[in-house]
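Following: one structure in structure tokens, then a few remarks.
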Amino acid sequence: MGNVHYTLNKVVASNILRRGKKARILMLGIDGAGKTSLLFKMSVPDYVVGSAISTLGFNVEKVKVTRNVRFTLWDVGGQEKLRPFWKNYFENTDGILFVLDSTNEARLLEVKNTLENILRSPYLKDVPVVILANKQDFADALDISVLVDRLELASIKDRRWLIQGTSAFTGAGVWEALKQMKRLMKESSRPWRRG
């Protein structure tokens, strides 16, 4: 019976994608990871990254991923004092873009704990996650395989996920991440909500 449920949900999600639906995507991560810069790079491809100011609430942008798919991206401030409020954004979320700073090895434990806390929320059960290893254009960026190991990402068994190297500065990996999110949502057994 579980396999029938999975197959039915997969068909429903596939049909939603074909009809040109929207999805609500949360961009989360600790402060300084580059969430806002990535958001603006996604919504305005010619955006030139400058010195971004930490987000003290949220930013929202709509992005056309493919001809039929549009994401409403919610970039939520990542300062420690704001993280308890993240749960207010969890309900009706279709996907998570979790952004981390690949150059900041000193905060990896904080990143790991933050991601684990997010994934424990019952509102986010089965929600697919694309982890954006940002700042990969820097010489001191940790390799993706090192991040997978240090963050113990292989232990994520209850949802579809992947990690994608990105650069808000060059735009590398940005569109790939959005297309991967679309793919994970399509493959997910979770019914796709509308943005």
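Residue 89 in the working numbering sits at position 81 of the sequence shown, with consecutive numbering throughout.
Each residue gets a CB set at the ideal place from its N, CA and C atoms; glycine is no exception.
If I measure Cβ to Cβ from G37 and keep anything under 7 Å in the same chain, skipping five residues before and after, which residues do I get? In the sequence shown, residue 37 corresponds to position 29, counting from 1. For G37, same chain residues with a beta-carbon under 7 Å away, outside a window of 5 residues either side, are K43, G86, F106, V107, L108 in chain order.
Given that a residue counts as buried once 16 or more other Cβ atoms are within 10 Å of its Cβ, and exposed if not, what is N142? The residue labelled residue 142 in the question sits at position 134 within the sequence shown. Classification of N142: buried, given that the 10 Å Cβ count is 16 or more.
On the CB-based measure, 16 or more other CB atoms within 10 Å of its CB, does A185 come out buried or exposed? For the purposes of this step, residue 185 is identified with residue 177 of the sequence shown, where counting begins at 1. With 16 or more other Cβ atoms within 10 Å, it is buried.
Put T174 into one of helix, strand or coil per three-state DSSP. What you label residue 174 is simply residue 166 of the sequence shown in a count that begins at 1. Collapsing the DSSP output to three states places T174 in coil.
Ordered list of alpha helix (DSSP H) runs contained in the segment 144–171, each at least 4 residues: Taking only runs of at least 4 residues, the alpha helix (DSSP H) segments lying wholly in the segment 144–171 are 152–158.
Unbroken beta strand (DSSP E) run spanning V138, endpoints: On the sequence shown, residue 138 is found 130 positions in, with the first residue counted as 1. Taken as a continuous stretch (DSSP letters only), the beta strand (DSSP E) holding V138 covers 137–142.
For D204, write down the residues that DSSP places opposite it in a beta bridge. Outside the modelled stretch of the chain, which goes from 9 to 203, sits residue 204, for which no answer is possible.
Between I104 and Q172, what straight-line distance do the alpha-carbon atoms span, to the nearest angstrom? Position 96 of the sequence shown, counted from the first residue, corresponds to residue 104. Position 164 of the sequence shown, counted from the first residue, corresponds to residue 172. Roughly 13 Å between the two C-alpha positions.
Contact defined as beta carbons within less than 8 Å: I believe M50 pairs with V71. What is the distance between those atoms, to the nearest angstrom? On the sequence shown, residue 50 is found 42 positions in, with the first residue counted as 1. On the sequence shown, residue 71 is found 63 positions in, with the first residue counted as 1. Rounded, the Cβ-Cβ distance is 5 Å, consistent with contact.
Taking L132 and I139 to be in contact with their CB atoms under 8 Å, please state how far apart those CB atoms are, rounded to whole angstroms. By 1-based counting over the sequence shown, the position of residue 132 is 124. By 1-based counting over the sequence shown, the position of residue 139 is 131. The Cβ separation is near 14 Å, so there is no contact.
Within 10 Å of its beta-carbon, does P92 have 16 or more other beta-carbons around it, so buried, or fewer, so exposed? By one-based count along the sequence shown, residue 92 stands at place 84. Classification for P92: exposed.
Please list, in chain order, all residues of the same chain as T15 whose beta carbon is under 6 Å from its beta carbon, the five residues on each side excluded. Stepping through the sequence shown from its first residue, residue 15 is reached at position 7. Summary for T15: the model assigns pLDDT 46, below 50, so the residue's position carries little reliability, and this model does not support an answer.
Please go through the same chain and pick out, in chain order, the residues whose beta-carbon is closer than 7 Å to the beta-carbon of R168, but skip the five residues on each side of it. The residue labelled residue 168 in the question sits at position 160 within the sequence shown. Here the set comprises P136, L192, E195, S196.
From the DSSP output, read off the bridge partner residues of L108. Here the question's residue 108 lines up with position 100 in the sequence shown. Answer is A141.
Quick check on DSSP: helix, strand or coil for K133? In the sequence shown, the residue the question calls residue 133 occupies position 125. Reduced to three states, the DSSP call for K133 is coil.
Residue burial classification, V119 (beta-carbon count within 10 angstroms, cutoff 16): As a working mapping, residue 119 is identified with position 111 in the sequence shown. Within 10 angstroms of the beta-carbon of V119 lie 16 or more other beta-carbons, which makes it buried.
Output needed for M189: all residues of its chain with C-beta closer than 6 Å, excluding positions within five of it in sequence on either side, in chain order. As a first step, residue 189 must be located in the sequence shown, where it is residue number 181. Cβ-Cβ distances below 6 Å link M189 to G103, V138 in the same chain, with the five nearest sequence neighbours on each side left out; the list follows chain order.
For the alpha helix (DSSP H) that contains F48, what are its first and last residues? Stepping through the sequence shown from its first residue, residue 48 is reached at position 40. Where F48 is concerned, the enclosing alpha helix (DSSP H) stretches over 43–51.
Can the beta-carbon of T111 be found less than 7 Å from the beta-carbon of D145? Translated into the one-based positions of the sequence shown, residue 111 becomes position 103. Translated into the one-based positions of the sequence shown, residue 145 becomes position 137. Not a contact, by the Cβ cut-off of 7 Å.
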